[in-house]
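Number of protein chains: 2
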Amino acid sequence: MTLSVKCLKIDTYGENIAYLSCACKIYKPEEFLGLNKVEVSGRHGKTILATLNVVEDEKILGCMELGLSIPAFRRLGLKEGGQVSITPATPPASLDHVRAKIYGEVLGARAIREIVDDIAAYRYSKMEIAAFLVSCASFMTVEEIFNLTVAMAKAGNILDWDHAYPLVVDKHCVGGLPGNRTSMVIVPIVAAYGLTIPKTSSRAITSPSGTADTMEVLAEVDLNLKKMKQVVHKHHGCLVWGGKVNLSPADDIMISVERPLGIDTPEQMVASIMSKKIAAGSSHLVIDIPVGPTAKVKTRKEAMRLRKLFEHIARRIDMVVDVVLTDGTAPVGFGIGPVLEARDVMDVLACREAGPKDLRERSLMLAGRILEFDAKLPGGEGYRTAKRILESGQALETMSGIIRDQGKAEKTHPGTKVFEVKAPKSGQVKTLDCGRLARIARAAGAPHFKGAGVDLLKKTGEKVKQGEPLYRIHAEIGSDFAFARAMAEENSGYKIR
Amino acid sequence: MTLSVKCLKIDTYGENIAYLSCACKIYKPEEFLGLNKVEVSGRHGKTILATLNVVEDEKILGCMELGLSIPAFRRLGLKEGGQVSITPATPPASLDHVRAKIYGEVLGARAIREIVDDIAAYRYSKMEIAAFLVSCASFMTVEEIFNLTVAMAKAGNILDWDHAYPLVVDKHCVGGLPGNRTSMVIVPIVAAYGLTIPKTSSRAITSPSGTADTMEVLAEVDLNLKKMKQVVHKHHGCLVWGGKVNLSPADDIMISVERPLGIDTPEQMVASIMSKKIAAGSSHLVIDIPVGPTAKVKTRKEAMRLRKLFEHIARRIDMVVDVVLTDGTAPVGFGIGPVLEARDVMDVLACREAGPKDLRERSLMLAGRILEFDAKLPGGEGYRTAKRILESGQALETMSGIIRDQGKAEKTHPGTKVFEVKAPKSGQVKTLDCGRLARIARAAGAPHFKGAGVDLLKKTGEKVKQGEPLYRIHAEIGSDFAFARAMAEENSGYKIR
Chain U
3 MTLSVKCLKI
13 DTYGENIAYL
23 SCACKIYKPE
33 EFLGLNKVEV
43 SGRHGKTILA
53 TLNVVEDEKI
63 LGCMELGLSI
73 PAFRRLGLKE
83 GGQVSITPAT
93 PPASLDHVRA
103 KIYGEVLGAR
113 AIREIVDDIA
123 AYRYSKMEIA
133 AFLVSCASFM
143 TVEEIFNLTV
153 AMAKAGNILD
163 WDHAYPLVVD
173 KHCVGGLPGN
183 RTSMVIVPIV
193 AAYGLTIPKT
203 SSRAITSPSG
213 TADTMEVLAE
223 VDLNLKKMKQ
233 VVHKHHGCLV
243 WGGKVNLSPA
253 DDIMISVERP
263 LGIDTPEQMV
273 ASIMSKKIAA
283 GSSHLVIDIP
293 VGPTAKVKTR
303 KEAMRLRKLF
313 EHIARRIDMV
323 VDVVLTDGTA
333 PVGFGIGPVL
343 EARDVMDVLA
353 CREAGPKDLR
363 ERSLMLAGRI
373 LEFDAKLPGG
383 EGYRTAKRIL
393 ESGQALETMS
403 GIIRDQGKAE
413 KTHPGTKVFE
423 VKAPKSGQVK
433 TLDCGRLARI
443 ARAAGAPHFK
453 GAGVDLLKKT
463 GEKVKQGEPL
473 YRIHAEIGSD
483 FAFARAMAEE
493 NSGYKIR
Chain W
3 MTLSVKCLKI
13 DTYGENIAYL
23 SCACKIYKPE
33 EFLGLNKVEV
43 SGRHGKTILA
53 TLNVVEDEKI
63 LGCMELGLSI
73 PAFRRLGLKE
83 GGQVSITPAT
93 PPASLDHVRA
103 KIYGEVLGAR
113 AIREIVDDIA
123 AYRYSKMEIA
133 AFLVSCASFM
143 TVEEIFNLTV
153 AMAKAGNILD
163 WDHAYPLVVD
173 KHCVGGLPGN
183 RTSMVIVPIV
193 AAYGLTIPKT
203 SSRAITSPSG
213 TADTMEVLAE
223 VDLNLKKMKQ
233 VVHKHHGCLV
243 WGGKVNLSPA
253 DDIMISVERP
263 LGIDTPEQMV
273 ASIMSKKIAA
283 GSSHLVIDIP
293 VGPTAKVKTR
303 KEAMRLRKLF
313 EHIARRIDMV
323 VDVVLTDGTA
333 PVGFGIGPVL
343 EARDVMDVLA
353 CREAGPKDLR
363 ERSLMLAGRI
373 LEFDAKLPGG
383 EGYRTAKRIL
393 ESGQALETMS
403 GIIRDQGKAE
413 KTHPGTKVFE
423 VKAPKSGQVK
433 TLDCGRLARI
443 ARAAGAPHFK
453 GAGVDLLKKT
463 GEKVKQGEPL
473 YRIHAEIGSD
483 FAFARAMAEE
493 NSGYKIR
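Residue numbers (our numbering), protein chains in the order written: chain U, 3 to 499; chain W, 3 to 499.
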């Protein structure tokens with residue numbers, strides 16, 4: 003009593019969907035009506051949970067077939083034509099804990115672990131993940147945050163850097179500032195100094211570029227664990243995409259629900275970041291919290307609360323953290339978008355005059371804080387040491403080595419469709435709207451088109467004359483170009499007075 | 003710059019899904035990545051929000067087409083080949099209120115109204131509905147429950163029975179007891195007495211039958227508003243399916259999320275039921291709360307809390323309610339499943355000896371409580387009056403009239419595949435497990451196959467001899483039959499001592 007599995011080539015953005023024909027000879031779709039999910043079991047002994055859709059078109063699906071969406075097919079891991087059976091899915095037992103949390107109970111370590119394991123195994127629907135996140139958003143004890151952090155880390159790989167590296171350092175920015183690519187300057191400085199910094203980064207979800215997208219302009223970033231370790235062994239550092247090495251996988255799944263819902267509590271942010279850092283094997287961590295009206299963290303008060311939470315959890319997991327509150331009022335560097343940002347980074351590393359001063363200074367300051375984790379370095383020497391490494395060319399040399407060994411990328415250029423946004427009047431640039439400029443860069447095609455984005459020509463405090471260009475929009479295709487241009491003409495994101 | 007709309011014949015159980023080809027010439031799927039939803043706009047000026055899936059198979063979807071799932075296609079209301087455009091959807095503005103509620107604020111009438119209207123207009127994904135429901139589950143003020151109730155009622159049709167009917171009465175059971183079809187006995191009694199009782203009922207979602215499913219064995223139930231009013235004008239009552247007349251549509255959508263999540267707070271239950279009753283135009287209402295260990299409401303304490311909430315809200319909306327706590331320890335009547343239940347109902351109405359006593363007594367008691375809403379009837383006369391109407395044959399006559407004018411159904415029979423579940427030992431029937439028997443009836447094919455279900459031969463307190471039949475399973479097809487039989491053999495749901 004089985005069906006042949008077929009990969010229906012539908013990308014459901016991560017959701018497991020199973021498709022059953024309404025004319026199915028074995029199962030009646032009505033049996034599954036009103037149920038949340040079905041369990042699909044392959045002959046090879048693996049099962050997945052999926053939401054059921056019913057197909058009423060024989061051309062799409064035959065009556066002896068079970069269709070699976072692309073992610074579901076991949077997760078089941080069976081070949082096309084393999085035999086599967088379906089049964090009504092028992093909801094994950096850990097949903098009882100979610101309901102307890104909804105009704106106001108405090109969850110223990112084991113309950114949290116069960117929930118996180120089920121989420122990481124794709125046993126929760128987005129609706130169920132939302133229920134868990136919202137129940138946590140109303141209150142969470144520090145103990146719960148700690149347990150959530152550890153459970154998330156343990157649900158995936160935990161990197162082990164052996165005892166070859168007594169100090170495994172890392173940095174993390176809570177985000178929200180376009181162009182803030184300090185990691186790409188910090189990693190080569192810190193690695194050149196000799197501390198181990200195996201940096202994993204994310205790709206953009208709603209921003210114009212993530213560090214992984216920008217690094218990809220220069221080098222391969224989809225490294226597996228083995229290759230990543232080789233690079234780190236050789237250079238003390240790397241700059242890779244974290245998705246491939248399966249660090250805290252439940253975090254990525256939870257973020258895919260948090261983001262559209264727009265819930266982003268300090269508790270969840272801390273658990274999310276710290277779980278990734280445990281998984282990355284970090285022992286020492288600098289956290290950059292940019293504070294500004296258009297950044298993610300708007301006020302110093304918010305930032306201080308976040309800092310305390312980070313410190314609380316760090317102490318529990320025996321990690322050394324240094325939380326730095328930075329200026330988050332404007333984009334960092336000139337470029338916003340992968341190619342433009344990569345250019346800025348290389349200008350800074352090569353100490354070219356054209357390089358953006360703010361990116362250089364932020365990077366030196368943060369790198370200095372990381373270097374001071376080294377007991378051998380006297381307090382206050384970090385910044386100067388970082389500067390010396392940068393100016394000596396050692397950082398550039400290390401970066402070149404990392405790029406070469408991760409795998410050099412093909413050369414790319416800024417998008418050739420260019421539009422200059424001009425100052426509507428003379429005066430001084432008062433503010434830049436980070437969110438607006440990010441959206442314009444995204445409309446121009448970033449990060450999908452590497453060369454697309456926004457290149458800032460004037461920054462906060464600079465004097466401008468009427469008609470002088472404020473920034474350039476780069477795009478690679480016409481529709482993006484027109485769209486980004488129209489957005490900039492409606493509201494450039496610049497305030498001049 | 004438009005695409006041709008195509009109905010992809012995929013039933014997504016209510017979710018709006020839009021399918022875009024990965025080779026689309028106009029839109030790049032990447033543009034929409036990470037977004038929650040897209041807005042699909044038809045040339046005819048109507049728009050819907052939908053979740054985007056990407057199709058990588060030209061045989062399913064062409065590069066100049068936009069596919070829509072069956073419910074999405076119906077809601078957009080455009081013909082196949084009609085021109086549509088898509089844009090990233092702005093999340094509903096009312097999600098800000100949901101976030102405020104998550105962070106612990108009390109919502110005002112207007113905020114709740116905006117949320118409910120967006121839900122009723124299918125602007126919320128299931129994930130977003132879950133977020134709202136969970137945020138309400140942690141706490142709700144009585145004022146919020148009141149506002150939610152009113153907003154839900156106003157989001158759909160509100161029936162107006164004019165001043166022809168000074169008293170519009172109704173009854174509602176909070177559910178959980180298989181076979182509890184009192185409405186079908188009460189409506190003809192109350193209507194024969196002369197009070198107006200325009201009863202709308204639901205179909206089963208996870209139970210073996212809803213009142214609408216059972217009534218459908220006897221008569222048409224998918225009446226539109228006009229036809230429903232004709233029946234009520236003529237007979238003072240009707241028994242129709244509520245889905246067709248669009249009463250409190252947000253409620254149905256919210257239930258489709260509550261149920262799989264298994265969250266069912268008293269607050270939401272009260273808002274759900276009372277919103278339907280406002281919409282149905284009821285002025286007086288009897289609420290039946292069965293209390294028992296395997297019913298929905300397990301303890302008298304829970305039931306009392308629910309009763310208080312009903313009374314609170316009723317006072318605010320100026321509706322007269324009488325909340326009755328009843329025995330919820332066992333199924334009511336003999337049959338569980340549409341045809342078997344309809345047989346019980348008709349036996350009671352025709353005063354046949356075979357009719358189940360418990361269904362008759364419950365119905366008379368509840369009908370009596372409703373009749374006492376009539377100021378002309380002296381207190382304490384309700385039950386006796388109801389009994390007189392039943393025994394005089396007036397109730398049966400009214401039921402016949404209602405069936406005739408709703409449209410008589412074709413005759414159906416209990417499923418012909420029959421299995422008798424026998425007593426494993428002699429003794430007395432101590433308990434019947436409502437949930438287990440309901441699941442066995444459902445496994446047998448109810449409510450999809452009208453004749454499927456369970457027919458109880460022994461009830462609580464009766465003496466049985468070893469090998470005597472406890473109940474019969476009726477099924478219409480072989481696979482259901484085998485499945486239900488296996489379930490009953492594993493655990494019959496009977497306890498004998």
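Every residue gets a Cβ at the ideal spot worked out from N, C-alpha and C, and that includes glycine.
Secondary structure remark: continuous alpha helix (DSSP H) runs of at least 4 residues inside the stretch 51 to 98 of chain U, in chain order: 72 to 78. CA-CA distance, Val-192 (chain W) to Leu-241 (chain W), rounds to 12 Å. Residues Cys-24 of the same chain have their beta carbon placed closer than 7 Å to that of Glu-58 (chain W), with the five preceding and five following residues left out of the count.
In this structure, DSSP gives Pro-262 (chain U) a helical state, which the three-state scheme calls helix. His-415 (chain W) counts as exposed, since fewer than 16 other beta carbons sit within 10 angstroms of its beta carbon.
The closest CA to that of Leu-368 (chain U), considering only U:Ile-319, U:Cys-175, U:Leu-311, is found on U:Cys-175. Shown here, Tyr-496 (chain W) sits in a strand according to DSSP, grouped into three states. Contact annotation for Arg-101 (chain U) against chain W: Ala-139, Leu-263, Gly-264, Ile-265 [CB-CB distance below 9 Å, chain order].
Among the CB atoms of chain W, none fall inside 8 Å of the CB of Thr-4 (chain U). Put simply, the stretch 145 to 163 of chain U does not touch the stretch 335 to 343 of chain U. Fewer than three CB pairs are less than 8 Å apart.
Distance between Met-276 (chain U) and Tyr-29 (chain W), taken at the CA atoms: about 37 Å. Minimum Cα-Cα distance from Ala-490 (chain W) among the listed residues W:Ile-498, W:Arg-474, W:Arg-499, W:Ser-481 corresponds to W:Arg-474. The C-alpha of Asp-266 (chain U) is placed about 51 Å away from the C-alpha of Gly-337 (chain W). Taking CB atoms only, Asp-162 (chain W) has no neighbour in chain U less than 8 Å away. The beta-carbon of Asp-13 (chain W) is placed less than 8 Å from the nearest beta-carbon of chain U. Under the three-state reduction of DSSP output, Thr-331 (chain U) falls in the coil class, being neither helix nor strand. Residue-level contact by beta carbon holds for Ala-132 (chain W) and chain U, with a gap shorter than 8 Å. Note on Thr-151 (chain U): 16 or more other CB atoms within 10 angstroms of its CB, so buried under the neighbour-count rule. Using a CB distance cut-off of 8 Å, Glu-107 (chain U) does not count as an interface residue toward chain W. Three or more beta-carbon pairs separated by less than 8 Å link the stretch 179 to 186 of chain U to the stretch 203 to 220 of chain U, which places the two stretches in contact. Distance between Ser-211 (chain U) and Asp-253 (chain U), taken at the CA atoms: about 19 Å. The criterion of a C-beta distance shorter than 8 Å is satisfied by Val-288 (chain W) and Asp-324 (chain W). Ranked by how close their Cα comes to the Cα of Pro-333 (chain U), the residues U:Glu-107, U:His-286, U:Leu-458 have U:Leu-458 in first place.
The beta strand (DSSP E) runs of length 3 or more contained entirely in the stretch 171 to 210 of chain U are, from start to end of the chain, 171 to 175, 199 to 203. The C-beta of Glu-478 (chain W) comes no closer than 8 Å to any C-beta of chain U. Within the same chain, Ala-221, Glu-222 come within 7 Å of Gly-409 (chain W) by CB-CB distance, once the 5 residues on both sides are set aside. Taken atom to atom, the span from the alpha-carbon of Val-272 (chain U) to that of His-237 (chain U) is near 29 Å. Here Asn-18 (chain U) really is in contact with Ala-74 (chain U); their C-beta atoms are around 4 Å apart, less than 8 Å. Val-259 (chain U) is positioned such that its CB atom lies closer than 8 Å to that of Lys-128 (chain U). Under the three-pair Cβ rule at 8 Å, the stretch 142 to 151 of chain U does not count as touching the stretch 294 to 305 of chain U. If you look at Phe-421 (chain U), you'll find it in the beta strand (DSSP E) that goes 419 to 424. Looking from the CA of Tyr-105 (chain U), the closest CA among W:Cys-138, W:Lys-424, W:Ala-111 belongs to W:Cys-138. For the stretch 351 to 389 of chain U, the full-length alpha helix (DSSP H) segments reaching 4 residues or more read 359 to 373 along the chain. Restricting attention to W:Val-189, W:Ser-209, W:Gly-245, the CA atom closest to the CA of Val-233 (chain W) is found in W:Val-189. For Thr-400 (chain W), the secondary structure class from DSSP, reduced to helix, strand or coil, is helix. Arg-112 (chain U) counts as exposed, since fewer than 16 other C-beta atoms from the protein chains shown sit within 10 angstroms of its C-beta.
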